[in-house]
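S.K.:
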Ligand code: HEC
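Numbering (the working numbering), first residue to last: 22 to 173.
#1: Alpha carbon to alpha carbon, how far is residue 87 from residue 154?
#2: Check this for me: beta carbons of residue 110 and residue 162, under 8 Å apart or not?
#3: Looking at residue 130 and ligand 1, is the gap between the Cβ and the nearest heavy atom below 7 Å?
#4: Please identify the residue among 169, 157 and 166 whose C-alpha is closest to the C-alpha of residue 100.
#5: Sorry if obvious, but does the Cβ on residue 149 come closer than 7 Å to a heavy atom of ligand 3?
#6: Would you list the one or two residues that DSSP bridges to residue 138?
#7: Return the chain-ordered ranges of every alpha helix (DSSP H) run that is complete within the segment 89-126 and spans a minimum of 4 residues.
#8: The alpha helix (DSSP H) that contains residue 166, what's its start and end?
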């Protein structure tokens with residue numbers, strides 16, 4: 022009985038040591054023993070993924086995302102809490118005078134950017150998606166725009 026136990030224990034220890042060695046080697050590799058060019062290639066490879074995440078698509082393909090998806094993914098970062106003076110979603114007083122431009126005017130303004138508002142809100146969106154996002158936000162803030170339909 023105790024022999025069996027000892028046998029198992031030593032096997033487990035050997036396994037643990039082997040795993041640790043592998044882990045250490047992998048960590049050393051990840052921590053910069055690789056050539057710099059390799060890191061740059063890795064950065065370039067993961068960059069497009071990061072950009073898509075910025076636009077906040079949780080599934081739908083670019084061009085067919087809803088206003089809500091775009092707002093949750095990007096615009097909300099400023100427009101939920103009113104960061105940098107952004108008109109808050111739901112704040113009718115803040116949006117009121119802006120709504121007078123109409124949806125087209127707001128789309129133009131948001132496309133170009135305005136003060137702390139970056140062009141297109143910094144999102145990788147199509148013009149229709151931007152318009153949908155604006156309609157979605159402003160319709161919660163006193164407007165009654167029609168969110169442009171998905172192009173089929
Ligand atoms: C980095 C913060 C930030 C993000 C992200 C952002 N906005 Fe804004 N937005 C602002 C600020 C600040 C203003 C107010 C600009 C001003 O009037 O000075 C603004 C204003 C606007 C306006 C009103 C423009 C006008 O002419 O009055 C619209 C429409 C708008 N944003 C849409 C969007 C949409 C749609 C997104 C997402 C695609 C977005 N914003 C993302 C900061 C942001």
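Built from N, CA and C at the ideal position, the CB exists for glycine as well.
M.R.: Checking against the coordinates, here is how it stands:
#1: 7 Å
#2: yes
#3: yes
#4: 157
#5: Among the ligands in the structure shown, ligand 3 does not appear; only ligand 1 can be found there.
#6: 135
#7: 97-100 and 113-120
#8: Careful: residue 166 lies outside any alpha helix (DSSP H) and carries neither H nor E.
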